[in-house]
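> Structure provided below as structure tokens; questions to follow.
Number of protein chains: 2
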Amino acid sequence: MSTHRPPGAAFLLAQVGAHAAARFAARISELGVDPPDVGLLRMIAGQPGRSQQSLAEQLGVVPSRVVVLVDGLQRRGLVERRRNPQDRRNYELHLTAEADRLMTRIREVAASHEDELCAGLDDDQRAQLTGLLETIAARQGLTPGVHPGYRRMPGQGPP
Amino acid sequence: MSTHRPPGAAFLLAQVGAHAAARFAARISELGVDPPDVGLLRMIAGQPGRSQQSLAEQLGVVPSRVVVLVDGLQRRGLVERRRNPQDRRNYELHLTAEADRLMTRIREVAASHEDELCAGLDDDQRAQLTGLLETIAARQGLTPGVHPGYRRMPGQGPP
DNA sequence: TATTGTTATACTCTATAACTATA
DNA sequence: TATAGTTATAGAGTATAACAATA
């Protein structure tokens, strides 16, 4: 009965991935935002004017959760809700000028975070890693740029 | 102002890592356990007789949380709390025979999970990926076999 | 009647702090 | 006084369901 096998790729992925997420969260907390905020800001920046429903659908969460997240961003002056005159039921979401400036800072922090995370790898290895992860992500049907952490995860613990 | 950069290694790690964790959680839920349960069972299996305090310390969580987790495992007949006659303040934690059988099942599921996750990679690529992740894990000071998900993570969202 | 967004509510997870028993 | 464990409580995050406004 051999216990004490070394962790395989799946465990390492979950372990290192959770560490990467936690480190990034710590970094951006200095900018006054958390990871869900950043994800939403990115999605709105990439497609200005989209509705809360479309965000909820792409994130795989319930619309009432988007309400809470957008409420927070709006309160901090980062997102505007503009009534759509054609269909007054929904909003068009837009980033404010302040949010544009914030996104620049976030991109800088993200780049520095990535350098720190890959500090032990040379450029070739970093490219190799990215390629392997892209292969897995595509094969697993993950939406590019959308973190699965919005969906309800049963337990945050170890795999 | 170029938005729409492709995601880098850090984002991919967090994205694929969260997906791996969620898939594993779904798999083992059929065995009646969740990822924190499995982590604890593994730690007790690897060092039978250890105390709740030592678990809390290694996991980086508060002792009262270990109480809750061990309560659940004990209620399901997977863990025994044995009083230490030398020092009646603490418990020695041991797996039951049923837990030993369960661990075998969990190892099978974990192996199958790993195969599924790495389905798009050949054996060389899989070994490459494991090596790169081990390098990062070591460089980042991660404890082998211990998932950072036990510690408080500010937000589950995207990096 | 269907759709967008909102509110009210409840449930889960987790930490903090006070507490018990033992040393 | 110090340590192992427990309980009580509170806070954050999230889903569900009922609701209002618009179509």
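Chains U and F, in that order, give the protein sequences. All residue numbers for the first sequence refer to numbering that gives the first Met the number 0, where the first residue is 0 and numbers rise by one. All residue numbers for the second sequence refer to numbering that gives the first Met the number 0, where the first residue is 0 and numbers rise by one. All residues carry an ideal CB built from backbone N, CA and C; glycine is no exception.
#1: With a 10 Å radius around its C-beta and 16 neighbouring C-beta atoms as the bar for buried, classify Gly16/U as buried or exposed.
#2: Just to confirm my understanding: we take Asp122/U, look at its own chain, exclude 5 residues before and 5 after, and list those with CB closer than 8 angstroms. What are they?
#3: Would you call the CB atoms of Gln139/U and His18/F closer than 7 angstroms?
#4: Would you please state the rounded distance, in angstroms, between the beta carbons of Ala13/F and His93/U? I believe it to be under 8 angstroms.
#5: Against chain F, with Cβ distances strictly below 7 angstroms, would Val15/U count as a contact?
#6: Let me make sure I understand the geometry here. Which of Leu40/F, Leu54/F, Thr134/F has the alpha-carbon closest to that of Gly76/F?
#7: Where does Glu133/F fall in DSSP's three states?
#8: So is Ala20/F in contact with chain U if we call contact Cβ pairs under 7 angstroms?
#9: Between the alpha carbons of Ile27/F and Ile105/F, how many angstroms are there, rounded?
#10: Would you please state the rounded distance, in angstroms, between the beta carbons of Gly48/F and Glu79/F? I believe it to be under 8 angstroms.
#11: With a threshold of 6 angstroms on Cβ separation, who are the neighbours of Ile43/U within its own chain once the five nearest residues in sequence on each side are excluded?
#12: If you draw a straight line from the alpha carbon of Leu128/U to that of Gly7/F, how long is it in whole angstroms?
#13: Going along chain U in order, which residues have a C-beta closer than 7 angstroms to the C-beta of His112/F?
#14: Residues of chain F with CB under 9 angstroms from His93/U, in chain order?
#15: Any idea what DSSP makes of Pro153/U, helix, strand or coil?
#16: Quick check: Leu72/F and Val65/F, are their CB atoms within less than 7 angstroms of each other?
#17: Rounding to the nearest angstrom, what Cα-Cα distance links Leu132/F and Asp114/U in this structure?
#18: Quick one, which residues of the stretch 24-55 of chain U are near chain F if we go by CB-CB under 7 angstroms, in chain order?
#19: Step through the CB atoms of chain F and report whether any lies within less than 7 angstroms of the CB of Pro68/U.
#20: CB-CB under 8 angstroms to Arg125/U, same chain, minus the five flanking residues each way: which ones, in chain order?
#21: Run through DSSP, which three-state label would Ala8/U get?
#22: Find the residues of chain F that neighbour Pro147/U, judging by a C-beta separation of less than 8 angstroms, and give them in chain order.
#23: Between Arg138/F and chain U, is the shortest Cβ-Cβ distance under 7 angstroms, so that the two count as touching?
#24: So the candidates are Gly59/U, Gln52/U, Ala20/U, Arg4/U; which of them puts its Cα closest to the Cα of Arg150/U?
Result, derived from the coordinates:
#1: Counting from 1 along the first sequence, the entry for residue 16/U is found at position 17. By the 10 Å Cβ count, Gly16/U comes out buried.
#2: Within the first sequence, residue 122/U is the residue found at index 123, counting from 1. For Asp122/U, where only same-chain residues beyond five positions count, there are no Cβ hits under 8 angstroms.
#3: For the purposes of this step, residue 139/U is taken as residue 140 along the first sequence, with counting starting at 1. For the purposes of this step, residue 18/F is taken as residue 19 along the second sequence, with counting starting at 1. Their beta carbons are under 7 angstroms apart, which means Gln139/U touches His18/F by this criterion.
#4: Along the second sequence, one-based indexing puts residue 13/F at 14. Along the first sequence, one-based indexing puts residue 93/U at 94. Wrong, their Cβ atoms sit about 27 angstroms apart, outside the cutoff.
#5: Sequence index remark: in the first sequence, residue 15/U carries index 16 (1-based). Chain F, which has a Cβ nearer than 7 angstroms to the Cβ of Val15/U, makes this yes.
#6: What you label residue 76/F is simply residue 77 of the second sequence in a count that begins at 1. When each option's Cα is compared against that of Gly76/F, the closest is Leu40/F.
#7: Looking up residue 133/F in the second sequence gives position 134. If DSSP states are grouped into helix, strand and coil, Glu133/F belongs with the helices.
#8: One-based indexing of the second sequence puts residue 20/F at position 21. Yes, Ala20/F lies at the interface with chain U (some Cβ there is under 7 angstroms from its Cβ).
#9: By one-based count along the second sequence, residue 27/F stands at place 28. By one-based count along the second sequence, residue 105/F stands at place 106. Distance between the alpha carbons of Ile27/F and Ile105/F is about 7 angstroms.
#10: Taking the second sequence and counting its residues from 1, one reaches residue 48/F at position 49. Taking the second sequence and counting its residues from 1, one reaches residue 79/F at position 80. The C-beta separation of Gly48/F from Glu79/F comes to about 10 angstroms, leaving the pair out of contact by the 8 angstroms criterion.
#11: In the first sequence, the residue the question calls residue 43/U occupies position 44. Here the set comprises Leu92, Leu94.
#12: Position 129 of the first sequence, counting from 1, holds the residue named residue 128/U. Position 8 of the second sequence, counting from 1, holds the residue named residue 7/F. Their backbone Cα atoms lie some 10 angstroms apart in a straight line.
#13: Against the second sequence, residue 112/F aligns to sequence position 113. Close partners of His112/F in chain U (Cβ separation under 7 angstroms): Ala9.
#14: As a working note, residue 93/U is residue 94 in the first sequence. Under the 9 angstroms cutoff, chain F gives no residues; its nearest Cβ is about 14 angstroms from His93/U.
#15: Taking the first sequence and counting its residues from 1, one reaches residue 153/U at position 154. Reliability fails at Pro153/U, whose pLDDT of 36 lies under 50, so the model's placement of it is uncertain and the value that follows must be treated cautiously. Note: Pro153/U maps to coil in three-state DSSP.
#16: As a working note, residue 72/F is residue 73 in the second sequence. As a working note, residue 65/F is residue 66 in the second sequence. No.
#17: Mapped onto the second sequence, residue 132/F falls at position 133. Mapped onto the first sequence, residue 114/U falls at position 115. Distance between the alpha carbons of Leu132/F and Asp114/U: 15 angstroms.
#18: Those would be Ala24, Ser28, Asp33, Pro34, Pro35, Val37, Gly38, Ala44, Gly45, in chain order.
#19: Counted from its first residue, the first sequence places residue 68/U at position 69. It should be pointed out that residue 68/U corresponds to Leu in this sequence rather than to Pro. No, no contact with chain F.
#20: Locating residue 125/U in the first sequence gives position 126, where the first residue counts as 1. The answer, listed in chain order, is Cys117.
#21: Position 9 of the first sequence, counted from the start, is the residue given in the question as residue 8/U. In this structure, Ala8/U counts as helix in the three-state DSSP scheme.
#22: As a working mapping, residue 147/U is identified with position 148 in the first sequence. Correct list: Gln14, Ala17, His18, Ala21.
#23: Your numbering for residue 138/F matches position 139 in the second sequence. By this cut-off, Arg138/F is an interface position.
#24: Position 151 of the first sequence, counted from the start, is the residue given in the question as residue 150/U. Answer by Cα proximity: Gly59/U.
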